[in-house]
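Here the structure is laid out as structure tokens; the discussion comes afterwards.
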Amino acid sequence: MSFLSYLVSGISLGSIYALIALGYTMVYGIAKMLNFAHGDVIMVGAYAIYTICITWGLPPYVGVLGSIVVCAVLGVVIEKVAYKPLRKASSLAVLITAIGVSYLLQNAALLIFKSDTKSFTSVVNIPSIDLFDNQLHISGETIATIVVSVIIMVALNLFINKTKPGRAMLAVSEDKGAAQLMGINVNSTISLTFLIGSALAAVAGALLCSSYPALSPTTGAMPGIKAFTAAVFGGIGSIPGAMVGGILLGVIENLSKGYISTQFSDAIVFGVLIIILLFKPTGLLGKKINEKV
Amino acid sequence: MQKERKPLKAATKSNLITYGILIAAFIIVSIICASNDKMYQFKGMLVPLCIYSIMAVSLNLVVGILGDLSLGHAGFMCIGAYVGAFFSVLLKDNIPLDWLRFVISLVLGGITAGIFGFLIGIPVLRLRGDYLAIVTLAFGEIIKNIVNLLYVGVDGSGLHVSIKSASDLNMAEDGTVIVKGALGITGTPNDSNFTVGFILLLITVFVSLNLINSRTGRAVKSIRDNRIAAETVGISVTRYKLIVFMISAFFAGIAGVLYSHNISSLNTSTFGYNTSILVLVYVVLGGIGSTRGSIIAAVILYALPEMLRELRDYRMLIYAVVLILLMIVNNNEKFNLFKEKISISRFIQNRREAMSKGAKS
Amino acid sequence: MALLETKNLGIQFGGLRAVDGLDLTIEKGQLYGLIGPNGAGKTTVFNMLTGVYKPTFGNILLDGHSIVGKSQIDINKSGIARTFQNIRLFSQMSVLDNVKVGLHNIITYSTFEGIFRLPSYFKKEKQMDEKAMSLLKVFDLQDEAEYLASNLPYGKQRKLEIARALATNPKLLLLDEPAAGMNPNETAELMETIRFIRGEFSVTILLIEHDMRLVSGICEQLTVLNFGKVLAQGNTSEVLSDPEVVRAYLGE
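Here it is in structure tokens:
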């Protein structure tokens, strides 16, 4: 039974990675940039919930909604202020700017909320389930994470493939210039992408801190890097890839924690990533790039 | 008739300026230090400045000259730091000459890091762009993760290695544990000082500049500019990528040895991807591909938060804002046009062109 | 023996035979033209000859030895150099350095000698500079030697690419649309230069070109490709008057 329990909590952790990875991959697909500050948006979202629910004492759903609004606005503002002036700059310049934004968010949080770790109260209010004669215990947070993630992923897929703004996003990620000629507003499409990606990060932050209730200014850093890894794992730019990559990464991490060693789990996760990329140099579902000679 | 003087090549001239700036800075700083007993904060910064300059110059070889994005440079520094510190602690009583022991540690730390650079270079060859970046980041994290759990001890029967615990080493009574897992290595002799750091930086710059301006360097740059064309003129991408990864990792290892001999207790907390990114920031802000720029950016950006210490909690915030503004201003077309207009070298070049045209006609 | 011979050479991309059963014989010293409408498979032939693509079937013999399956690097070392339809210079390097990269396997010294500036470094670098400058002079680029390659005007970039290819000391030089984007004066000048380098460097030249003045002006032999297959082959004047060829080019 322990295998099943590791697997279920792995899928739960992986769903959180997948939600964050979606933000990475959507932004990469459309703006061709690695948004290193994305992990820190999660942290901002979690602090927003903390302020609304614990400091102000409002109910959890207000906290989650408030956090989604805060992050969505933050994402759009970051894009407009920091990334938009660099559209034509080298990808390295944009990467460094994203790193600067990451430092900025972390240190702003440090100033406002101080460095001590806050204990987070779960926003999930679902009873846990015990299966197989109480041998398999699944917490309410795990259930909520998996259910919410599945709903979001299905909705996102429908949005991108069936709606006009969604297809505009696909068009811009394929060819910005051509999309513009077809009458798509590239700027607002990019803003929309940041908005959705950051809103997903807020949801991920709420779920993450409900399952692992410790909040500090660097809370978002490691999940951010893991989710970035997951996005690359699945093939960066590919939305199904981010989902598959995120869940696989979570499962691998939890299984290696359970069966090999807790301390080595990071090394194992990154090791698997390297091996996968050796055989599939553009990730599991990434497009193969052929350079025309 | 006056003998025609051969003009110095532009690259040679630029290199001489770099050496000149470095040596002048060294002399000035040495004089300041000698004339003032206090200024502990300033003096404490000198060795780290050399360390991060070496890191930046060596990373510039991969990012600026080879054109590959690496986010794992701190991993090589970690290897150098641990290998160097391990041998210094191990040989503390066996080699009485401090400098000789330190040189051996430097060479061993550098070579081990270089070997890892080679090993990491092999899988990286198949990858491009962001995939390559994430793999280097992953390697850095793996190295940090494993070193953090590493126990190494030595006794009469030789070396014992474990990744579980000190007791798992099964050592004889007389044995000592040198690498203690998350606690790292303590008691490394304090062999680093500003002069040593400066000499090592000078060597790094010397090797780096000479490499860039040689047959090998041209081959590397041609791969960066156009891999397909490079292959059709007979340049082995594999060979030159591996050479660059190896040399770059070697000097990161040297920086690591310098680092571990400058602090009393060594652990892995310094060697995460944050440090790799910090060094990448130096390279990018210094002007990609410019050795001199890498050093100047490393010095300014390392010293900046230290000097802002008075501002306490606001210093990293200011640092972040400065970073973002620098990137935005630097990539602003209007600003760049303005910069070109006021540039002195441009002015001189225009004058020279005008004069040579005059001479021809 | 012919310098270059291809036997039943072909390549398949998925369901498409981009080149199908090409037999080509180029004698030493010839100036040979490969022409055909867009999409006929001309550049694909170059890509197979230089090892960018591996042929699906058939053989390529250079001086009687098969080069199929060899790496691009080894093929260059055995004597084939090329230019590209879409110019591929080392754009962030100087004009001189572009040619010196071409000399990479001709004048050599080790990384060690380069880093530690041994006497051999200075000697070999001097040889390289002289050789590279003499090549630049052929193309009248000597005054721009220190410019960044990307700062050259288009026509000169094309010339620099030829100079770089020549630096590798090839037996066979492949030129992919050398006159593309040039005005009639530049094209006329280029024709002179191509003739000159054939004699001066005793190199055999195979070129792809759409400019019929250039083709009829300097090519001695022609092969016309259409949809991957040979449409006509032989003397330039005969081939160009072949009604099949005229039809393929002008339509009916």
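Residue numbers (this note's numbering), protein chains in the order written: chain E, 1 to 293; chain U, 1001 to 1361; chain B, 2001 to 2252.
Glycine residues also receive a C-beta, built at the ideal position from the N, C-alpha and C atoms.
All values derive from a computational prediction rather than experimental measurement.
- Take LEU2135 of chain B, set aside five residues on each side of it, and the residues of its chain with a beta-carbon closer than 7 Å to its own are VAL2099, ALA2163, LEU2166 and ALA2167, in chain order.
- The DSSP assignment places 1158 to 1162 and 1176 to 1180 as complete runs of the beta strand (DSSP E) inside the region 1157 to 1224 of chain U, in order along the chain (cut-off: 3 residues).
- Distance from the CA of ILE52 of chain E to the CA of ALA108 of chain E, rounded to the nearest whole angstrom, comes to 18 Å.
- Every alpha helix (DSSP H) stretch that sits fully inside the region 1225 to 1255 of chain U and reaches 4 residues is listed by chain position as 1227 to 1232.
- Taking each of E:HIS38, E:LEU58 and E:THR121 in turn and checking the Cα distance to LYS226 of chain E, the smallest one comes out for E:HIS38.
- Taking a contact as a CB-CB distance under 8 Å, the pair LEU2062 of chain B and GLY2079 of chain B counts as one, their CB atoms being some 6 Å apart.
- The count of Cβ pairs closer than 8 Å, one atom from the region 1218 to 1233 of chain U and one from the region 1104 to 1124 of chain U, stays below three, leaving the stretches out of contact.
- Counting only residues of its own chain and dropping the five nearest sequence neighbours on each side, GLY2114 of chain B has a CB closer than 7 Å to the CB of TYR2121.
- When the five nearest sequence neighbours on each side are left out, no beta carbon in the same chain lies closer than 8 Å to the beta carbon of GLY2199 of chain B.
- Only buried fits LEU1278 of chain U, as 16 or more other CB atoms lie within 10 angstroms of its CB.
- Around the C-beta of ARG2213 of chain B, fewer than 16 other C-beta atoms lie within 10 Å, and the residue is accordingly described as exposed.
- For PHE270 of chain E, the secondary structure class from DSSP, reduced to helix, strand or coil, is helix.
- Among the residues facing chain U, PRO240 of chain E is not included, as its CB has no counterpart in that chain under 9 Å away.
- Burial is judged here by how many other beta carbons sit within 10 angstroms of a residue's own beta carbon; ALA1024 of chain U has fewer than 16 and is exposed.
- Counting of Cβ neighbours within 10 angstroms places MET1039 of chain U among the exposed residues, the total staying below 16.
- Here DSSP, grouped into helix, strand and coil, assigns GLN2233 of chain B to strand.
- Contact check for GLY1286 of chain U against ALA1297 of chain U passes: the beta carbons are separated by less than 9 Å.
- Linking PHE279 of chain E to GLU253 of chain E through their CA atoms gives a straight-line distance of about 20 Å.
- In terms of beta-carbon proximity, ILE1235 of chain U lines the interface with chain B, with at least one pair separated by less than 9 Å.
- Residue nearest to SER1214 of chain U within the set U:TYR1273, U:ILE1065, U:GLY1256 and U:ALA1182 is U:ILE1065 (criterion: CA-CA distance).
- Legend: CB atoms of the region 218 to 230 of chain E lying less than 9 Å from CB atoms of chain U belong to residues ALA221, ILE225, PHE228 and THR229.
- For LYS2137 of chain B, the uninterrupted alpha helix (DSSP H) run begins and ends at 2119 to 2138, by DSSP.
- At least one CB of chain U lies nearer than 9 Å to the CB of THR282 of chain E.
- One Cα belongs to THR1291 of chain U, the other to ASN2059 of chain B, and the distance between them is close to 48 Å.
- Contact annotation, TYR1259 of chain U with MET1077 of chain U: C-beta distance approximately 7 Å; criterion of less than 8 Å satisfied.
- Residues of the region 2025 to 2054 of chain B with a C-beta less than 9 Å from any C-beta of chain U: THR2050, GLY2051 and VAL2052, listed in chain order.
- With the criterion set as a beta carbon lying under 9 Å from some beta carbon of chain U, the members of the region 2154 to 2179 of chain B are GLU2161, ARG2164, ALA2165, ALA2167 and THR2168, in sequence order.
- In terms of beta-carbon proximity, PHE132 of chain E stays away from the interface with chain U, with every pair separated by 9 Å or more.
- Of the candidates B:ASP2097, B:ASN2169 and B:ALA2018, the residue whose Cα lies closest to the Cα of ALA2149 of chain B is B:ASP2097.
- Approximately 6 Å separates the beta-carbon atoms of ILE49 of chain E and VAL123 of chain E; this is inside 8 Å, confirming the contact.
- Around the beta carbon of LEU192 of chain E, 16 or more other beta carbons lie within 10 angstroms, which makes this residue buried.
- Shown here for SER1294 of chain U: same chain residues with a beta carbon closer than 7 Å to its own, the five before and five after excluded, namely ALA1056, VAL1057, ASN1060, TYR1282, VAL1283 and GLY1286 in chain order.
- The beta carbons of GLY205 of chain E and SER67 of chain E sit closer together than 9 Å.
- Around the beta carbon of ASP2074 of chain B, fewer than 16 other beta carbons sit within 10 angstroms, so the residue counts as exposed.
- Burial check for ALA72 of chain E: the Cβ neighbour count within 10 Å reaches 16 or more, so the residue is buried.
- For ALA1320 of chain U, the chain E residues whose C-beta falls within less than 7 Å of its own C-beta are GLY100, TYR103, LEU104 and ASN107, listed in chain order.
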